[in-house]
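There are 2 protein chains.
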Amino acid sequence: MEPPTPHKRTGRPRSAEADRAILGATREALVELGWGKLTLSDVAARAGVAKTTLYRRWAGKNELVVDAIAALFEEQLDLPDLGSLQADIRGVVLRFAGLLDHPAIRTGLMAVVAEATHDDALRLRIREAIVDRQKHLVLLGRARAQSRGEIPPDDTDPALTARDADLIFDVIAGSVVHRVMVSATPVDDDWADRLALLLVLGLSGVRR
Amino acid sequence: MEPPTPHKRTGRPRSAEADRAILGATREALVELGWGKLTLSDVAARAGVAKTTLYRRWAGKNELVVDAIAALFEEQLDLPDLGSLQADIRGVVLRFAGLLDHPAIRTGLMAVVAEATHDDALRLRIREAIVDRQKHLVLLGRARAQSRGEIPPDDTDPALTARDADLIFDVIAGSVVHRVMVSATPVDDDWADRLALLLVLGLSGVRR
DNA sequence: GTGTTTCGCTACGGGTCGTAGCGTAACTTC
DNA sequence: GAAGTTACGCTACGACCCGTAGCGAAACAC
Numbered sequence: 001m002e003p004p005t006p007h008k009r010t011g012r013p014r015s016a017e018a019d020r021a022i023l024g025a026t027r028e029a030l031v032e033l034g035w036g037k038l039t040l041s042d043v044a045a046r047a048g049v050a051k052t053t054l055y056r057r058w059a060g061k062n063e064l065v066v067d068a069i070a071a072l073f074e075e076q077l078d079l080p081d082l083g084s085l086q087a088d089i090r091g092v093v094l095r096f097a098g099l100l101d102h103p104a105i106r107t108g109l110m111a112v113v114a115e116a117t118h119d120d121a122l123r124l125r126i127r128e129a130i131v132d133r134q135k136h137l138v139l140l141g142r143a144r145a146q147s148r149g150e151i152p153p154d155d156t157d158p159a160l161t162a163r164d165a166d167l168i169f170d171v172i173a174g175s176v177v178h179r180v181m182v183s184a185t186p187v188d189d190d191w192a193d194r195l196a197l198l199l200v201l202g203l204s205g206v207r208r
Numbered sequence: 001m002e003p004p005t006p007h008k009r010t011g012r013p014r015s016a017e018a019d020r021a022i023l024g025a026t027r028e029a030l031v032e033l034g035w036g037k038l039t040l041s042d043v044a045a046r047a048g049v050a051k052t053t054l055y056r057r058w059a060g061k062n063e064l065v066v067d068a069i070a071a072l073f074e075e076q077l078d079l080p081d082l083g084s085l086q087a088d089i090r091g092v093v094l095r096f097a098g099l100l101d102h103p104a105i106r107t108g109l110m111a112v113v114a115e116a117t118h119d120d121a122l123r124l125r126i127r128e129a130i131v132d133r134q135k136h137l138v139l140l141g142r143a144r145a146q147s148r149g150e151i152p153p154d155d156t157d158p159a160l161t162a163r164d165a166d167l168i169f170d171v172i173a174g175s176v177v178h179r180v181m182v183s184a185t186p187v188d189d190d191w192a193d194r195l196a197l198l199l200v201l202g203l204s205g206v207r208r
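Protein chains in written order, with the UniProt record's numbering: chain A, 1 to 208; chain B, 1 to 208.
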């Protein structure tokens, strides 16, 4: 029988402070060196822990960076109701863009997504720790818009409902990421306004 | 006085076949090993050239991968006129998605974009070799839609014109990339249809 | 106290990096 | 042809990072 907390009953407990120091050092090194030149030896030295301690907790660079970045996503769970679909979209866009203000996220997120191309476990980890948490904000805005009557209620076919939600999530998140990472131009209020307007107009007619 | 071809007058010329072999081997290694485990030693061995030859032409892994990927973008210069803005958008979306069908592009493009976060020269290289070439397709579709009267002609302020074009490019390219890379779901005809419809509806009302 | 787990430290073989040096091959110019 | 120039393949090298093993000490539960 597996206990609820699987393996921590006896012995010396793992230092929670070491965890924070390692993840912080990882983000710091990520900004200074970038993904390619980041080494676990360097991270261990910055964090003030032994390299072996690092390997006891993470399997490698990929997993470490995912956790270091995921920690920055943990706080934001929802978004205040801004009164209209357009305002809510604008809020979500600015929220996403705010996350990409962290240099560590800009550098690390793309790198781990690239690595996830041929590492299914890593992709799952990214999805659970980061992507699904962002998607929740989009689903929240969608539900609010439905309750306001701005967009039609859920389709009788749940598959179609999920399909539409996936589309709008890819559009919002993808646009912001592309703007910041590829076009290398910051997301300002004006851009968020125009994107929100574009989507509201598109959504208002998409079901007729 | 700099000659038009700066440095190639005398001496043994560089093997064009070696170039092709190296870039091909890079793409092959990229698919098999991924960005992180790709080594220049391995690429040289696959290409059948000496490692030193590789270093004589590229400064490092970043530059090599950018060129290896950029070669896959060189053929597609434009898109047939499909008769309507919606059809053209659909065509561009499917074209972008088709590029991401190359496993080498999926794996390498994100990685070099991540590295470009702290390497301005690399970012410029990516922009010239890849991004601007894609943007051209969007601008082409925009011009066609204007000649059809589907969207208003260029604003008197060229800055506003460029701003709107940048927005729609970020939305199209970003949505496709996010769909394929993050959501890890292929772009099929149905998805392209729905995205194109969303954008056409949004664009039809955005200037009122 | 005893038992257990984590910690810091050191050391190690294996691999890649990026460069240097050498002799040879290919091509241009005279 | 011969001389000059550049690219090539090959070998070797110090430097660095990887990931693991082994050790004694520290921090907990019982």
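We put the CB at the ideal spot given by N, CA and C, even for glycine.
For clarity, every value in this text was computed on a predicted model and none was experimentally measured.
Simplified DSSP state of residue i, which is helix, strand or coil
| i | result |
| --- | --- |
| Ile105/B | helix |
| Gly98/B | helix |
| Leu82/A | coil |
| Trp191/B | helix |
| Thr39/A | coil |
| Val49/B | coil |
| Leu33/B | helix |
| Thr10/B | coil |
| Thr117/B | helix |
| Thr26/B | helix |
| Gln76/A | coil |
| Glu150/A | coil |
| Ala165/A | helix |
| Arg208/A | Here Arg208/A scores only 44 on pLDDT, less than 50, and its place in the model is too uncertain to base an answer on. |
| residue 233/B | Given that chain B is displayed from residue 1 to residue 208, the structure contains no residue 233/B and the question cannot be resolved. |
| Ala71/B | helix |
| Gly60/B | coil |
| Ala184/B | coil |
| Ser175/A | helix |
Within-7 Å CB hit, residue i to chain A
| i | result |
| --- | --- |
| Val66/B | no |
| Arg194/B | yes |
| His178/B | yes |
| His136/B | no |
| Glu115/B | yes |
| Val92/B | no |
| Ser183/B | yes |
| Ser175/B | yes |
| His102/B | no |
| Val131/B | yes |
| Leu167/B | yes |
| Leu79/B | no |
| Glu2/B | Because Glu2/B sits at a pLDDT of 37, beneath the cut-off of 50, its placement in the model cannot be relied upon, and the following sentence gives the value as read from the coordinates. No, Glu2/B does not count as interfacial toward chain A. |
For residue j and residue i, believed in contact at Cβ under 8 Å, the rounded distance
| i | j | result |
| --- | --- | --- |
| Ala104/B | Leu30/B | 5 Å |
| His178/A | Asp170/B | 5 Å |
| Gly34/A | Thr107/A | 6 Å |
| Ala25/A | Ala47/A | 4 Å |
| Phe73/B | Arg133/B | 5 Å |
| Lys51/B | Leu40/B | 6 Å |
| Val182/A | Val131/B | 6 Å |
| Ser175/A | Ser175/B | 6 Å |
| Ile172/B | Val43/B | At roughly 33 Å, the Cβ-Cβ gap does not stay under 8 Å, so Ile172/B and Val43/B are not in contact. |
| Asp193/A | Arg90/A | 6 Å |
| Leu124/B | Gly202/A | Not really, about 33 Å apart at Cβ, beyond 8 Å. |
| Leu122/B | Asn62/B | 5 Å |
is_contact[residue i, chain B] using C-beta, thresh 7 Å
| i | result |
| --- | --- |
| Asp170/A | yes |
| Thr107/A | yes |
| Trp58/A | no |
| residue 209/A | Only positions 1 to 208 of chain A appear in this structure, which leaves residue 209/A out of reach. |
| Val49/A | no |
| Leu201/A | yes |
| Gly98/A | no |
| Gly83/A | no |
| Gly36/A | yes |
| Ala205/A | Before going on, a small fix: residue 205/A reads as Gly here, not Ala. Answer yes: the Cβ-Cβ gap between Gly205/A and chain B drops below 7 Å somewhere. |
| Leu30/A | no |
| Leu198/A | yes |
Near the ligand MG: residue i beta-carbon under 6 Å from a heavy atom
| i | result |
| --- | --- |
| Leu139/A | Among the components of this structure there are no ligands whatsoever, and the ligand MG is therefore not found. |
**Asked** Are the stretch 60–72 of chain B and the stretch 80–91 of chain B touching, with three or more C-beta to C-beta distances below 8 Å?
**Response** no
**Prompt:** Are at least three pairs of beta-carbons, each pair with one atom in the stretch 85–98 of chain A and one in the stretch 190–207 of chain A, less than 8 Å apart?
**Reply:** yes
**Message:** Using 8 Å as the cut-off, can you tell me whether the stretch 110–118 of chain B makes contact with the stretch 103–123 of chain A, which would need three or more C-beta pairs spanning the two stretches below that distance?
**Reply:** yes
**Item:** Three CB pairs or more closer than 8 Å across the stretch 7–25 of chain B and the stretch 95–102 of chain A
**Value:** The stretch 7–25 of chain B is not in contact with the stretch 95–102 of chain A.
**Message:** I'd like to know if the stretch 141–151 of chain A and the stretch 135–155 of chain B are in contact, where contact means that at least 3 CB-CB pairs between them fall below 8 Å.
**Reply:** Cβ pair count under 8 Å is below three, so no.
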